[in-house]
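Chains as they are written, first to last, in numbering that gives the first Met the number 0: chain A, 0 to 209; chain B, 0 to 101; chain C, 0 to 643.
Worksheet: the structure to be examined is printed underneath.
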Amino acid sequence: MLKRIPLPSQFDRIIIGGGITVGAIGVPLGIVLVTLVAFGVISAPEMVFFVAAIIVILGALGCVLLPNIVHAALSLTATLIGVAALYLLLMSEFLALVQVLVYGGGVVLLLLFGLMMTNAQDDPVVTDGSQKPFAFLLVSLLIGTFITLLLSGDWGNPTAHVVPFELFGERLFREFALPIIIVAVLLDVAITGALVNVHSTGSDLPEESE
Amino acid sequence: MIPIEYFLTLGAILFGLGLFGVLSRRSAILILMAVELMLAGVSINFIAFASYLDTDAFTGLIFALFVITVAAAEVGLALGIVLRLFRERRTSNVDEASDMRW
Amino acid sequence: MPDISVTIGMQQAWLLPAMPVVAFLIISFFRKILPREGDFLAVIGMLGILLVTLFIIIDFQGFFHDGEFHPGEANVYAFDWVRISADNFLFLIEFSTYIDAISVVMLIAISIVGLMVAIYSTGYMQGEDRYGWYFAVLSLFVAAMLLLVTSGSLIWMYLAWEGVGLASYLLIGHYWDRQSAAEAAKKAFITTRIGDVGLLIGIILLWKATGSFDIQTIIAAATSGQIGETYLTVAMLALFAGAVGKSAQFPLHVWLPDAMEGPTPASALIHAATMVVAGVYLIARFSPVYEVVLVARDVILYTGLLTAFLAASMGLVTSDIKRVLAFSTISQLGFMFVALGVGAVGAAMFHVLTHAFFKALLFLGSGSVIHATGRQEVEYLGGLRRKQPVTAATFIIGSLALAGIPIFAGFWSKDEILHSVSSYASPFVYIVLAGTAVLTAIYTTRLVLLTFFGSPRDKSAFDHAHESPSSMTVPLLLLGLLATVSGFFVFDAVGKLFGFSGGIGYLVYLHHPHAFHIDWAFASVATVSSLTGVIIGWVYWHGGAERAIKARAWSPDLHALLVNRYYLDELYQGIINRVVLGLAGIVAWFDKKIVNETGVDGGAQLIGYFGYRLKFLQTGKIPNYALGIATGILVLSVMVLARA
Chain A
0 MLKRIPLPSQ FDRIIIGGGI TVGAIGVPLG IVLVTLVAFG VISAPEMVFF VAAIIVILGA
60 LGCVLLPNIV HAALSLTATL IGVAALYLLL MSEFLALVQV LVYGGGVVLL LLFGLMMTNA
120 QDDPVVTDGS QKPFAFLLVS LLIGTFITLL LSGDWGNPTA HVVPFELFGE RLFREFALPI
180 IIVAVLLDVA ITGALVNVHS TGSDLPEESE
Chain B
0 MIPIEYFLTL GAILFGLGLF GVLSRRSAIL ILMAVELMLA GVSINFIAFA SYLDTDAFTG
60 LIFALFVITV AAAEVGLALG IVLRLFRERR TSNVDEASDM RW
Chain C
0 MPDISVTIGM QQAWLLPAMP VVAFLIISFF RKILPREGDF LAVIGMLGIL LVTLFIIIDF
60 QGFFHDGEFH PGEANVYAFD WVRISADNFL FLIEFSTYID AISVVMLIAI SIVGLMVAIY
120 STGYMQGEDR YGWYFAVLSL FVAAMLLLVT SGSLIWMYLA WEGVGLASYL LIGHYWDRQS
180 AAEAAKKAFI TTRIGDVGLL IGIILLWKAT GSFDIQTIIA AATSGQIGET YLTVAMLALF
240 AGAVGKSAQF PLHVWLPDAM EGPTPASALI HAATMVVAGV YLIARFSPVY EVVLVARDVI
300 LYTGLLTAFL AASMGLVTSD IKRVLAFSTI SQLGFMFVAL GVGAVGAAMF HVLTHAFFKA
360 LLFLGSGSVI HATGRQEVEY LGGLRRKQPV TAATFIIGSL ALAGIPIFAG FWSKDEILHS
420 VSSYASPFVY IVLAGTAVLT AIYTTRLVLL TFFGSPRDKS AFDHAHESPS SMTVPLLLLG
480 LLATVSGFFV FDAVGKLFGF SGGIGYLVYL HHPHAFHIDW AFASVATVSS LTGVIIGWVY
540 WHGGAERAIK ARAWSPDLHA LLVNRYYLDE LYQGIINRVV LGLAGIVAWF DKKIVNETGV
600 DGGAQLIGYF GYRLKFLQTG KIPNYALGIA TGILVLSVMV LARA
């Protein structure tokens with residue numbers, strides 16, 4: 000059916016296909032959630048939370064499960080944007096801003112560049128000694144323990160408070176002035192270290208034998 | 000409105016997924032991505048605590064800021080290492096980056 | 000006697016072993032640079048010993064009152080060597096010297112014979128290999144022997160016992176490039192070792208009962224009844240086992256005939272005069288204790304009797320002159336043990352003294368013959384009295400002493416023994432002993448006739464023969480003199496002449512000194528039997544010894560039995576092959592299979608196996624290590640949370 004639609008490029012087809020898939024999943028989900036809000040089962044902020052949470056979790060699953068490396072990087076982006084939404088829900092706008100800028104605009108870009116430069120292959124299907132079962136078991140045990148414990152605790156019923164930005168800035172540059180400076184130095188060192196590490200004496204491009 | 004447990008649970012799940020990725024992925028870049036997931040999960044926890052419980056001295060926020068900064072620096076550095084590894088071994092598959100004879 | 004013993008007396012008895020030890024050390028270290036390889040040091044050492052002995056005797060004589068020896072503490076010199084003391088526990092080994100009449104008799108024998116042998120050796124060993132080393136070991140031997148007879152502590156005596164064994168081994172094996180000599184040395188050491196084990200057991204038993212190693216303390220404890228009778232009997236029999244080994248009694252006599260592989264002067268000193276009487280000395284020293292355990296004393300009596308007879312029978316058919324003398328030594332030692340077995344300590348020690356003189360004389364005489372002709376078997380000798388008159392004359396004197404002809408020393412001491420045996424033992428013992436004395440006379444006469452009389456059997460040996468140099472003949476003459484006159488010491492008048500309270504009976508005794516009486520009937524019976532033996536020997540072996548050869552044909556089996564020494568050597572070798580080597584095989588199997596392969600190798604292989612398996616834990620792959628870290632985190636968090 001897709002082929003009969005007169006579309007100029009494959010890419011558009013993917014967008015349309017992806018969009019349809021997301022819509023097919025998201026629209027019913029949205030309707031469910033809105034209904035729930037309307038009936039007062041969950042409050043509106045909770046609905047936003049669930050949406051953001053689903054984006055985050057799906058993105059994370061994609062990042063760790065997808066074999067194609069570029070797809071994995073893109074779903075990581077989706078996750079991190081979802082995390083920014085969660086920060087907004089937590090009433091810290093500044094951090095949401097920082098998250099989008101640094102992660103979405105910097106880290107993922109860096110990862111994609113590194114991916115291209117190293118000619119990274121897709122994650123191979125490992126036939127011998129794959130750690131996936133052990134890792135799954137381990138992680139489920141660990142996280143199961145954590146979640147059981149935190150749910151069995153009594154947190155009271157706290158509410159989210161907005162953090163005034165000016166106060167945040169003041170505190171940051173007064174009490175935490177030294178850590179800021181140290182982090183600045185650390186960034187400097189990291190950049191210098193990366194440059195020194197990558198600096199080569201001769202051939203720096205991979206051979207054409209690949 | 001949103002109970003704190005929701006955020007904490009989500010943070011734990013995100014951390015767990017990141018850990019799974021670190022342990023099961025073969026390509027170095029994919030491992031780095033999974034590490035980013037772990038750091039994100041941890042940051043959610045910190046900010047949740049700062050916002051809900053520690054309203055006067057919101058140390059969690061500041062900590063999360065530092066986490067983001069250091070994570071960015073770390074990715075830059077780690078990519079440099081992956082580049083070096085690739086140059087030496089012609090592969091970024093961590094399975095094959097072993098000098099053992101067995 | 001003038002008081003010249005101010006500086007040297009019984010307290011300085013430690014000088015006796017010290018001087019030859021110094022001589023040994025100097026000669027052994029410096030013999031390459033000393034002139035004549037240091038043999039004069041050994042002679043000087045012997046002279047020094049003789050001098051100190053004289054001083055000791057002078058000091059010793061000063062402590063006699065009413066004919067009994069009361070030295071108080073003057074005859075003891077002691078210092079602590081090892082002392083470990085706790086609350087109720089004291090382990091003490093003293094170095095102590097103790098001089099009494101028995102020590103004095105031994106000292107006279109050792110010092111005189113040692114000096115004679117040292118002077119003789121300078122002539123006999125001329126031109127031999129390892130000339131200096133011979134004198135070094137000779138000095139070592141004399142040092143150990145002197146330590147043995149002057150020691151008051153059982154541990155030091157045991158040390159010296161082993162020391163004389165070592166010196167004997169070194170001297171027997173002096174010509175170690177000869178296979179037979181090396182084997183003989185080994186045989187001597189191992190056989191005496193078997194006895195020494197018994198001696199050590201005896202020492203330990205006595206220490207356990209009395210808590211002391213001091214000989215006089217043990218004797219006092221044993222005679223006062225502090226030790227149980229069975230226990231004491233076992234301990235004293237164990238001590239006697241040591242004597243059996245060292246003094247070559249049956250069944251451990253097999254080493255002495257083979258020990259003749261050593262140089263003849265060494266044989267004269269060690270295997271005739273001094274070392275082999277160490278056993279006699281031990282039993283004599285403990286004779287008060289043996290009086291309490293008469294069962295043990297009877298064992299001594301019958302062992303000595305059997306040995307005396309057996310050895311005399313074997314000496315009758317041996318053709319090597321040194322070996323005849325070896326069997327004769329064994330037989331005479333048997334006589335001494337028989338005397339000890341009836342409690343006649345004085346007679347035994349007297350025979351030690353006279354035997355030392357005449358047996359050393361006989362050995363040195365045979366050495367002279369060997370030196371001159373290069374032969375030791377009688378098949379190659381004969382008629383040598385014309386070529387070696389001095390040797391022949393002194394040898395005949397020695398033989399007469401051995402045979403027990405009156406005037407000469409052996410008669411007096413053997414007569415003392417026979418007299419005490421007839422007084423204190425059963426008639427059977429006396430008859431066997433008297434028979435052995437007759438046999439002694441027979442084989443002695445045979446030896447003299449075959450060596451010095453008749454026609455020479457080997458022309459080249461006879462032509463080559465010449466009288467020995469004066470360094471060898473002078474000791475022969477001196478010893479010949481002593482073999483003649485030393486018997487007179489049995490008379491009280493002679494003893495008093497030398498400053499003692501009387502004759503030998505006043506010097507060495509068990510309970511009371513006894514004066515000497517001549518029992519004319521007894522003496523004449525003894526004389527007649529000795530002369531009978533001489534006559535029988537002359538009848539059979541004079542001239543061409545035709546009668547002896549016919550006698551051999553009359554009973555070839557008996558002759559074979561005697562020549563093969565009752566096949567005891569074969570029996571012992573068989574036991575060693577079957578029992579000892581069999582047990583050794585089992586132990587070796589155990590050591591190889593169980594200790595080595597399973598224990599040591601097995602343990603190592605087990606570790607290697609586990610190491611190999613565990614090696615694969617280190618894969619070198621980072622994801623594996625990350626999984627390990629994560630597992631550790633899980634475990635730790637569970638532990639922490641479980642505790643909370």
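Just so it is clear, CB atoms sit at the ideal spot from N, CA and C, and this is done for glycine as well.
Compare the Cα-Cα distances from residue i to each of the options and report the closest residue.
| i | options | result |
| --- | --- | --- |
| C:S327 | C:A436, C:Q572, C:R577, C:G602 | C:A436 |
| C:A242 | C:L530, C:L332, C:I171 | C:L332 |
| C:E415 | C:I503, C:A391, C:L480 | C:I503 |
| C:H513 | C:T190, C:W519, C:D491 | C:D491 |
| C:H516 | C:L530, C:G536, C:V489 | C:V489 |
| C:I202 | C:L339, C:W175, C:P555, C:Y230 | C:Y230 |
| C:Q215 | C:V104, C:T526, C:G71 | C:G71 |
| C:V373 | C:A460, C:M105, C:L580, C:F28 | It should be noted that the sequence gives Gly, not Val, for residue 373 of chain C. Nearest C-alpha to C:G373: C:A460. |
| C:A208 | C:V196, C:L438, C:L106, C:G224 | C:G224 |
Please report how far the alpha carbon of residue i lies from the alpha carbon of residue j, in whole angstroms.
| i | j | result |
| --- | --- | --- |
| C:I404 | C:R322 | 22 Å |
| C:Y130 | C:A550 | 44 Å |
| B:G40 | B:R88 | 33 Å |
| A:W154 | A:I15 | 45 Å |
| C:I441 | C:F410 | 15 Å |
| A:E209 | A:G105 | Unreliable placement is indicated for A:E209, whose pLDDT of 42 sits below 50; the coordinate value is still reported in the next sentence. Each residue's Cα considered, the two are about 29 Å apart. |
| B:V108 | B:S97 | It is not possible to answer for residue 108 of chain B, since the shown part of chain B is limited to 0 through 101. |
| C:Q10 | C:T96 | 8 Å |
| C:S412 | C:Q572 | 37 Å |
| C:I396 | C:G37 | 33 Å |
| A:D187 | A:G103 | 21 Å |
| C:A552 | C:I193 | 38 Å |
| B:L22 | A:A77 | 22 Å |
| C:S110 | C:A371 | 27 Å |
| A:V69 | A:L111 | 8 Å |
| C:F615 | A:K131 | 20 Å |
| C:I628 | A:V26 | 42 Å |
| C:S318 | C:A258 | 16 Å |
| C:L91 | C:T443 | 49 Å |
| C:M144 | C:A271 | 13 Å |
| C:S266 | C:F362 | 7 Å |
| C:I217 | C:Y280 | 16 Å |
| C:W588 | C:I574 | 20 Å |
| C:D86 | C:F497 | 51 Å |
| C:G453 | C:L399 | 19 Å |
So residue i and residue j are supposed to be a Cβ contact under 8 Å. How far apart are they, rounded?
| i | j | result |
| --- | --- | --- |
| C:Y133 | C:P262 | 7 Å |
| C:V116 | C:P264 | 5 Å |
| C:A73 | C:F94 | Not a contact, Cβ separation roughly 18 Å. |
| C:T353 | C:L475 | Incorrect: roughly 17 Å between the Cβ atoms, too far for contact. |
*Listed in chain order, which residues of the region 616-642 of chain C have Cβ atoms closer than 8 Å to some Cβ of chain B?*
Here the close residues are Q617, T618, G619, K620, I621, P622, A625, L626, A629.
*asked:* Against chain A, which members of the region 70-91 of chain B pass a CB distance test of less than 9 Å?
replied: A70, A71, A72, E73, V74, G75, L76, A77, L78, G79, I80, V81, L82, R83, L84, F85, R86, R89, T90, S91
*Hey, which unbroken runs of the alpha helix (DSSP H) at 4 residues or more fall wholly within the region 108-190 of chain A?*
131-151, 164-173
*asked:* Quick check for students: name the residue ranges of the alpha helix (DSSP H) that lie wholly in the region 467-524 of chain C, counting only runs of 4 or more.
replied: 469-484, 491-496, 503-506
*Output the residue ranges of the alpha helix (DSSP H) runs that lie fully inside the region 570-595 of chain C and measure 4 residues or longer, sorted by chain position.*
Within the region 570-595 of chain C, the complete alpha helix (DSSP H) segments of 4 residues or longer fall at 580-588, listed in chain order.
*Members of the region 38-53 of chain B near chain A, C-beta cut-off 8 Å*: A39, S42, I43, I46, A47, A49, S50, Y51, L52
*Could you tell me which uninterrupted alpha helix (DSSP H) segments, each at least 4 residues in length, are contained entirely in the region 359-434 of chain C, listed from first to last along the chain?*
388-402, 408-423
*Could you list the residues in the region 9-21 of chain B with a C-beta less than 7 Å from some C-beta on chain C, going in chain order?*
L18, V21
*Taking only runs of the beta strand (DSSP E) that begin and end inside the region 151-224 of chain C, which ones reach a length of at least 3 residues, in chain order?*
none
*What residues in the region 128-162 of chain A have a beta carbon less than 9 Å from any beta carbon of chain C?*
G128, Q130, F133, A134, L137, V138, L140, L141, T144, F145, L148
*Going along the region 41-61 of chain A in order, which residues come within less than 7 Å of chain B, judged by CB to CB distance?*
Against chain B - using a Cβ distance shorter than 7 Å - the residues of the region 41-61 of chain A are S42, P44, E45, F48, A52, V55, I56, A59, L60.
*Just by C-beta distance, which residues in the region 167-183 of chain A are closer than 8 Å to chain B?*
Residues F167, R170, L171, F175, P178, V182.
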